[in-house]
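Chains as they are written, first to last, in my numbering: chain A, 61 to 264; chain B, 6 to 228; chain C, 7 to 129; chain D, 15 to 404.
All residues carry an ideal CB built from backbone N, CA and C; glycine is no exception.
So the structure is just underneath, and the comments pick up after that.
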Amino acid sequence: MAVDEKLKIELGKQGVMVTTIQELYNWGRRSSIWPMQFGLACCAIEMIATTMARYDLARFGSEVFRPSPRQADLMIISGTVTKKMAPQVVRLYNQMAEPRYVIAMGACAISGGPFKQGYNVLKGIDRYIPVDVHIPGCPPRPEALIQAFMTLQKKIDEQHLTGEGRPRHLDEQAPGEFQVPEFGEHDLDPPSNPGTWTVPKIIQ
Amino acid sequence: MKSVEEIKAAIETAVPGAAVTVIPNPAPNAQHSLLIGAQHGVAVAEFLRDNEELALDYLSNVTGVDYLDKEIPEKVKVTRQVSKTVDGVEQTVDEMVEETRKRVEPGYLEAVYHLFSVAKKHGPVIIRMRTANRTDQVELPSLTPVWRGAEFQEREIFDLFGIVFTGHPDLRRILMWDEFKDHPMRRDYVEPDDFEYEPTAHDEVLKRAQEHKAKVAAGEAVQ
Amino acid sequence: MASSPYFSLAVLFVVALGFGLAPLGLAWLWQKVFSPAKPNEIKNAIYECGLQSRGDAWVQFRSAYYLYAIIFLIFDVEAIFLLPFAVAFTGLGAAACVSMLVFVLLLIEGLAWAWAKGVLTWA
Amino acid sequence: MSSFGIKNEKLAGWNRPPVFESDGEGELLEVAMGPHHPSTHGVFRMDVVLDGERVIKLKPVFGYLHRNHEQLGQTQSYLANMPYTDRLDYFCSLTNNWAYALAVEKLVGQEVPERAEYLRVILAELTRVQNHASTIGFLLQEMGASGTPLMYAFREREKILDLFESLTGSRMMCNYMRFGGCRVDASPAWIEATRKVVAGLPAFVDEFERFLMTNEILMARCQGIGVLRPDLAVNSGISGPMLRASGVNYDIRKVDHYGIYDRFKFRVPLGDHGDIYDRYMVRMLEMRESISILNQALKDLPAGPVMDPKAKIRNFRPKAGESYGRIEAPKGELGFYLISDGSPNPYRYRVRPPSFINLTVLEDMCLGSNVADVVLIFGSVDIVLGEVDR
């Protein structure tokens, strides 16, 4: 039952605002995404530079960086996730309040980046937790991080309240808990979460 | 600043019985080093620190180096029974035969210490200590009681190379997690098999990727 | 009933209360209808910098902290009573002044004792 | 897996911290200021035992950003390691490049042309200014001035990063220096832009100092806290502003005479108490010295080639040998120890990390102080996790 646009614009001219609950709900959630203060490595410095005066993340309602996962909606994984740090990252993601999103910032968070061949480096955080926006770059420029925020906001905008396009937190079947890996002898115990990570098919 | 030979002589007079040999450094910067016997390590270190002339009170860098076992082919004269027909009669006679035999020279782990002097402001004096072999005798005396700067670096060498420093106040793993087995920076450490996608793979990475693909095809690995 | 002088005040109070509670009620209703609760053991675990928290936080603190709380009481409660006392000071009779002074001086005496005992000098 | 198990209680002599005995009134609280903590500059963990507010024992735990820099260094060629050195101390990529280039040049006896030496000094001092400004900004951030001093510091840092970006192509990961010079020449327009930025730096340092130096909260929170004795500092291998704040006159630019620092007149600021306020002041004064070096270097920057024409880039195979090159990085003595066996890859590639070794005395400084001071002491040590865990 989408609102037909022409009527909406006409009413808008008369000064009457028409909206649906879904638009209001999405507009409310996307306009103030509070990221979690979670800097791992070099990308964290670019993230801090983005929040500073010149690039100013506050224009997107995200300048409040909450240290505790309980009050954060977004986890920006900015830097290399090592195997020693991976259980903590997954536990923090589990402890965040439910409508939560993940931005994998930088090549290291996406696929291990330049340190991929290291014995202590996890080859990408999407092995354990679902990632919403990937930003390539090493480190990605502050503008790229702002573009990631805009992508995430567009993504939240397109979510429906019920039915097929529901976000994870409105969907009963969607898993709420992601298994925290254990420390094995040479590698993490489940090397990747079966539920969230499938081997990418390489199309030659 | 005294030359390496003078320091060697000074050490030998100050610490009798210390096995000190000069390891020349062919690079143009001529930073030659002194190989110190492991038994007198702490005594030599204390001498280097407390001697007024040297006053090496600042330990800058401790490095672990791993040298693998080396097979050295050798020409060996061996007398061997060779059956030869001497003027028609079949008999065995021993005869000098030259053959190459592989002599395995045991590898060793090495700790290299770079010492400087803050008081006298003079340059690096490099001392090295070597373990007997790479498997069971891997103890070296810890120099943390002499220079506290070595504390974390020796723990890192213990963690990544496996040299056990006796006398270290707090020898634990520092970089890897505690449940980690064996020492990852050694030359013969094999990483666990993992999904490998490298768009422009070359040499070891390519080899590892193909091994992984073979394993997946054979159904052992799950990815 | 509508004419009692305080009626408008009551209406304002109700509106203010409603203005506050309505969004909370809507959010609670929304949460009940739309978003299913998914509590799980890791999410409810204690947050300690990403680690599993060891030990217990209910430790028995040093006694200096309890004294610290009591002394705060002196400054806090007394300051609240001093304000109206200072304002109404001129219009008060002698008896009211004496009773107020008893209260104030009693607390000051408590503070003097604590000061003498050296509780205020932090270890 | 409690990490307090010191197996060998026989601690060696005076240079181990006296374990601070609590007077046993209240129970001890064991808590981890763990990998994810707003005050630990990244993923650093301190297991702290508290008696109320006072710190009884503090054990740093490393390894959460151990990205195997040295192992990767040994599987790649010498030139391929240069971009990895940017990611060591990701605040000062140009001084990392210089230290690595210096070590390799010592290994093969490579000469560096004049203009390249001047450019190296200019870029290193610019890096030092933006690193010290950021460090003081973060220190104030941890003291509670959330954001404002950091905004001032990052405003200057952005100007300097623009210079780096226009010269080397990347803001933070410059990968600019090669063995025997620099990758690309600085255009006159860039030199002009640098002069303009350097001309604006003294005003920034004055403004920063006017706000902070006589601020009574800063003086109350920093003076007399986290004191480090000079003899313990030297024995623990501390280097950089932390060592000089304890009064030890040891600046590798003056000691090793590397590069062309002898041609510039600059002083080495020293502190005399060794507390947080002295470290803050030493960094402020070092910024002023860097500005004076920059002015001198920009004044007589010669023309000429930026790369030594005889330098071998393709198929670079140094002969067998070893070399240890070190420079005065903003955080301390950054050294590279290379052992080569004639192959294109270094046989052993070791980084001497100043931040990692400066943390040796973290427990000595924090014992007996409050938890809030631990955050400040840790901030005044100025570490970067990429260099601590390598």
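Exposure label - M15(D); buried when at least 16 CB within 10 Å: Low local confidence applies: a pLDDT of 26 at M15(D) is under 50, so the model's placement there is unreliable, with the coordinate-based value given in what follows. So M15(D) counts as exposed.
Residues in the region 194-209 of chain B having any Cβ partner in chain A nearer than 8 Å: Here the close residues are Y194, E196, P197, D199, F200, Y202, E203.
Proximal chain A residues relative to P42(C), where beta-carbon distance stays under 7 Å: E232
Coil, strand or helix - I12(B) by DSSP: helix
Buried versus exposed call for F105(D) [16 or more other C-beta atoms within 10 Å across all chains shown]: buried
Every unbroken beta strand (DSSP E) within the region 277-344 of chain D, with a cutoff of 3 residues, ordered by chain: 335-343
When S147(B), V130(B), F166(B) are compared against N30(B), the one with the closest alpha-carbon: V130(B)
Beta-carbon spacing of S91(D), D100(D) below 8 Å: no
Rounded straight-line distance, which links the Cα of V93(C) to that of L72(D): 52 Å
Residues near T182(D) by beta carbon distance below 6 Å, same chain, minus five either side: C188, Y190
Chain D contact residues for I179(B), given Cβ-Cβ distances below 8 Å: The contact set of I179(B) on chain D, defined by CB atoms closer than 8 Å, consists of F76, G77 in chain order.
Contacting positions in the region 218-250 of chain A - beta carbon closer than 7 Å to chain C: L221, H229, L230, E232, G236, E237, V240
Span separating the alpha-carbon of Q155(D) from that of A317(D): 43 Å
The region 285-292 of chain D touching the region 250-270 of chain D, judged by at least three CB pairs closer than 8 Å: They touch, by the three-pair rule.
Separation of M106(C) from A100(C), as counted between CA atoms: 10 Å
Contact set for I341(D): own chain, Cβ-Cβ below 7 Å, skip 5 residues either direction: T109, W112, A113, L116, I266, Y272, L348
DSSP bridge partner residues for R129(D) (one or two, in chain order): Paired residue(s): none; R129(D) is not in a bridge.
7 Å Cβ cut-off: residues of chain B touching V191(A): Ordered by position in chain B, no residue passes the 7 Å Cβ test against V191(A), which lies about 17 Å from the chain.
Within-8 Å CB hit, L57(C) to chain D: yes
T142(A) - DSSP class collapsed to helix/strand/coil: strand
Three-state secondary structure (DSSP) of R177(B): coil
At least three beta-carbon pairs within less than 8 Å, the region 58-76 of chain D to the region 311-330 of chain D: When Cβ pairs closer than 8 Å are counted between the two stretches, the region 58-76 of chain D is seen not to touch the region 311-330 of chain D, the count staying below three.
Contiguous alpha helix (DSSP H) assignments of at least 4 residues, all confined to the region 334-398 of chain D: Within the region 334-398 of chain D, complete alpha helix (DSSP H) segments of at least 4 residues are found at 368-372, 376-380, 385-395, given in chain order.
Under 7 Å by beta carbon: chain A residues contacting H50(D): F98, Q148, L152
Test: K261(A) CB closer than 8 Å to a CB of chain B: No, because no Cβ of chain B sits closer than 8 Å to the Cβ of K261(A).
Exposure label - W36(C); buried when at least 16 CB within 10 Å: It counts as exposed.
Proximity to N359(D) [Cα-Cα], best of P216(D), E336(D), Y166(D): E336(D)
Buried or exposed by the 16-neighbour rule on C-beta atoms within 10 Å, applied to S122(A): Under this definition S122(A) is a buried residue.
For A155(B), the nearest candidate out of N138(B), E144(B), T140(B), P174(B) (CA to CA): For A155(B), the closest C-alpha among the options N138(B), E144(B), T140(B), P174(B) is that of P174(B).
Segment limits, beta strand (DSSP E) that includes H119(B): 113-121
Any chain A beta carbon closer than 8 Å to Y71(C): So no, Y71(C) is outside the interface.
Validate contact between the region 176-185 of chain B and the region 272-288 of chain D using beta carbons, cut 8 Å, 3 pairs: no
Under 8 Å between C-beta atoms of V20(B) and F52(B): Yes.
Rounded C-alpha distance that separates K75(B) from V27(B): 22 Å
Proximal residues of chain G, C-beta to C-beta of A214(B) below 9 Å: Absent here is chain G; the protein component of the structure consists of chains A, B, C and D.
Chain B contact residues for Q90(D), given Cβ-Cβ distances below 7 Å: Here the premise fails: no neighbours, minimum Cβ distance about 11 Å.
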